[in-house]
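Undergrad: Numbering (my numbering), first residue to last: 7 to 522. Heads up, the beta-carbon is just placed ideally off N, CA and C, and yes, glycines get one too. The structure follows.
Here's what the structure looks like:
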C-alpha cells in the first residue's frame, strides 16, 4: 500500500511513501516519514494501492502513529477547502490544525489526568424575554439543517442568554458545541459563565496562550469526544469535533478572526463553511455586525436593523453639518437628552491651502498633508507626528490668503458651541483623552452632565449612555473616495458600529451626512 502525505512545506504537492500497514481508516492520521537527510511528521491524505513513481524512488514510511485517532472527515474537508479557497499549500494548512506538540517527530505520551465525562446537568436558567425566546425558537427550529443566523443586540441586551439556551438544547440532543471568541482574554470569563450554567459538562478552552502539553491534551480530549463545549479563538475552528451540533461566533465583526500572517484565513467564514458541510446552524452575534453580515440580512429576509436616516448635502451647500442634524440636536437639548457627533478625524481641518497658488501644507518627512490644530496654533502630521507652528502666509507665494478645507473634531466642537452656546459639549479624541480623566468623563456622560459628545472611533468602545438618543455621523462618504480600497471597509464598519451600539433602543435614531 502507498500513502500520500501532507508535510509542512511551502509546496503545492503531496509526497508518496510506501506503507504496507496502511488502510483507508488511516486517512487523517499522523505519520513519520524520511525527508531529505532528516525526518518529518505529516498527515495521511490518501491511501492507494498503486503509485506511478518507480519503486526505487519511493521511500518507506518510518512510523504510522495510531496512538491517537485520525482527524475527523469534516475537519479534513474543511482543511482541503481552506487550502483551495485561500490558495495555500495543503501541507501547511493541515499541520496548522495540529497543536505544536503533535507536530514533533515523537509518539505522544498522554499524561495521567481525569477527563470530565459527557453527562450534562444544567442549573436553573433565567427566564427569557419574548425577543430572546423568539430567537432561540427560530434558531433551534433549524437544528438539523444549515442556516446562518445573525443575532444583533447591544452590550448587555442578553445575547449570552440566547447562546446559553441554544447550547443547552444542543447538549440535550447529545451533540457538541463550538463557540468562537475574538480575543484570548475573553475566554476565562465566558468559560466561567458556561461552567456555572452547565456544572457537569466538559467545557474546555483552546487558544495559543495555553502551554504546549496542555493544549495538545485538550485537543486530544476533543478528538476522543470527551468534551461537550469547545470555547476558543480563531484556531479553534479546526478543533476535531466529530459530533458538532452548533457553532457560535461571538463578536463576529471583530478583525481578530482574520489570520493575517502565515496561513491566512477568516475563522468566521470557515465557521459558515463547516456549518454548511455538517448541516447545522451557525450563529453570528454582534452589537455592530460586519458589513458582510449586514448586507446578507438586507439581501435575505431576517431580523430588523436599526433605523438610519441618510442626509445628502444640497448642491452648493457648504455647511459643516446638515440642518436636519442641527434640528434633531435642538430637539434633544429641549428634552434634556444627549446627542453624539461622530467624525473619525481629529484636529480642526485636514487641509491648509493657499487660495492664490493652490499650495498645500505638507509634511517635510512623509509628504502627507498636515492637519490644522487651531487651538494649539500648530500643523501636525498624523502619520509621523511631525509638528510645526501654524503658517499664516503661503510658503510658496507668501500670500496671507489661506483657507482650511474639511472638518475635524475641533471644528465641529467650535461650530456647535456657536450654535448652542448654553449646551455642555465634550470633545473626546486622542488629543483630549487622558487615562486618569477617562473614567470621570464616562461617569459624567452616563449621569447626564454632558449634552453633546463630539468624538472619533474612541467612542466606539462599548459604553452604555442611557440618555443618548441621537448619533450623527459627519462626512461618512469621504472614505469612499480613498485610493486605498482596504481603508474603506474599516471606516464604514466604524460608522456602523457606532450607530448600532448607541441607537439600538427606541426612540433613538441615527443620521448619516453625505457630501456627495
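Can you tell me the Cα-Cα spacing of residue 385 and residue 458, whole angstroms?
TA: Taking the straight line joining both Cα atoms gives about 27 Å.
Undergrad: Return helix, strand or coil for residue 91, following the three-state DSSP convention.
TA: Looking at residue 91 - three-state DSSP - the assignment turns out to be helix.
Undergrad: For residue 365, which of helix, strand or coil comes out of DSSP?
TA: Residue 365: coil per DSSP, three-state reduction.
Undergrad: Starting from residue 22, follow the beta strand (DSSP E) in both directions and report where the run begins and ends.
TA: Residue 22 -> beta strand (DSSP E) spans 21-24.
Undergrad: Say the cut is 6 Å; is the CB of residue 448 nearer than that to a heavy atom of the ligand MG?
TA: This structure does not include the ligand MG; it has no bound ligands of any sort.
Undergrad: If residue 523 sits next to residue 289, beta carbons under 8 Å apart, how far is it from one beta carbon to the other, in whole angstroms?
TA: This structure cannot settle anything about residue 523, because the visible part of the chain is limited to 7 through 522.
Undergrad: If we count the other Cβ atoms within 10 Å of its Cβ and call it buried at 16 or more, is residue 481 buried or exposed?
TA: With 16 or more Cβ atoms within 10 Å of its Cβ, residue 481 is classed as buried.
Undergrad: Measuring CB to CB, does residue 326 end up less than 7 Å from residue 392?
TA: Not a contact, by the Cβ cut-off of 7 Å.
Undergrad: Assuming residue 353 contacts residue 414 (C-beta within less than 8 Å), just tell me the rounded distance between them.
TA: So it is a contact: roughly 4 Å between Cβ atoms.
Undergrad: Can you tell me whether residue 147 is buried or exposed, with buried defined as 16 or more other CB within 10 angstroms of its CB?
TA: Result: exposed.
Undergrad: Would you kindly check if the distance between the Cβ of residue 46 and the Cβ of residue 37 is under 7 Å?
TA: Taking 7 Å as the Cβ cut-off, residue 37 and residue 46 do not qualify as a contacting pair.
Undergrad: State yes or no: is the beta carbon of residue 198 nearer than 7 Å to at least one beta carbon in chain B?
TA: The question asks about chain B, but that chain is absent: this structure has only one protein chain.
Undergrad: Residue 362 and residue 403: beta carbons closer than 7 Å?
TA: Yes, the pair counts as a contact, with Cβ atoms nearer than the cut-off.
Undergrad: List the endpoints of the continuous beta strand (DSSP E) containing residue 456.
TA: Here residue 456 belongs to no beta strand (DSSP E), and DSSP marks it neither H nor E.
Undergrad: Output the distance between the C-alpha atoms of residue 144 and residue 250, rounded to the nearest integer angstrom.
TA: Approximately 19 Å between the Cα atoms of the pair.
Undergrad: Under 8 Å by Cβ, that's how I've got residue 212 and residue 236 pegged, so tell me the actual separation to the nearest angstrom.
TA: Correct: roughly 6 Å between the Cβ atoms.
Undergrad: To which residues does DSSP link residue 409 through a beta bridge?
TA: Paired residue(s): 359.
Undergrad: Who are residue 384's beta bridge partners in DSSP?
TA: 379, 395, per the DSSP bridge assignment.
Undergrad: Would you mind working out which of 80, 134, 9 sits nearest residue 59, comparing C-alpha positions?
TA: For the residues 80, 134, 9, the minimum Cα distance to residue 59 belongs to 9.
Undergrad: Are the segment 325-345 and the segment 193-204 in contact at 8 Å, needing three or more beta carbon pairs?
TA: Judged by Cβ distances under 8 Å, the segment 325-345 makes no contact with the segment 193-204, as fewer than three pairs qualify.
Undergrad: Need the endpoints of the beta strand (DSSP E) that residue 54 sits in, please.
TA: Start and end: 44-54.
Undergrad: Taking the alpha-carbon of residue 240 as reference, which of 94, 186, 199, 202 has the nearest alpha-carbon?
TA: Cα-wise, what sits closest to residue 240 is 186.
Undergrad: How would you write the range of the alpha helix (DSSP H) that residue 281 sits in, first residue to last?
TA: Looking at the DSSP string, the run of the alpha helix (DSSP H) that includes residue 281 is 273-284.
Undergrad: Is residue 65 near residue 23, with beta carbons less than 7 Å apart?
TA: Yes. Within cutoff.
Undergrad: Which residue or residues does DSSP assign as beta-bridge partners of residue 292?
TA: Paired residues: 158.
Undergrad: Where does the unbroken alpha helix (DSSP H) through residue 101 begin, and where does it stop?
TA: Per DSSP, residue 101 belongs to the alpha helix (DSSP H) from 96-102.
Undergrad: Let's see if you can read the secondary structure: which residues bound the alpha helix (DSSP H) around residue 224?
TA: Residues 218-229.
Undergrad: Three-state secondary structure (DSSP) at residue 262?
TA: Residue state, collapsed to three classes: helix.
Undergrad: Out of 434, 473, 61, 436, which has the shortest C-alpha to C-alpha gap to residue 452?
TA: Selected option, being the one with the closest Cα: 473.
Undergrad: Have a look at the DSSP bridge pairing and note the partners of residue 10.
TA: DSSP, once it has assigned bridges, lists 22, 52 as partnering residue 10.
Undergrad: Using a Cβ distance threshold of 8 Å, determine whether the segment 220-229 contacts the segment 253-261, with at least three qualifying pairs required.
TA: Counting Cβ pairs under 8 Å, fewer than three are found: no touch.
Undergrad: Are the beta-carbon atoms of residue 34 and residue 12 separated by less than 7 Å?
TA: No. Outside cutoff.
Undergrad: For residue 425, which option in 377, 357, 339, 371 has the closest C-alpha, if you only look at C-alpha atoms?
TA: If we check each option's Cα against that of residue 425, 339 comes out closest.
Undergrad: Kindly give me the distance between the Cβ atoms of residue 464 and residue 434, rounded to whole angstroms, as I take these residues to be in contact under 8 Å.
TA: With 8 Å as the limit, residue 464 and residue 434 qualify as a contact, their Cβ atoms being about 6 Å apart.
Undergrad: Please report how far the alpha carbon of residue 260 lies from the alpha carbon of residue 351, in whole angstroms.
TA: C-alpha separation (whole angstroms): 22 Å.
Undergrad: Between the segment 277-293 and the segment 70-84, do at least 3 Cβ pairs fall closer than 8 Å?
TA: Short answer: they touch.
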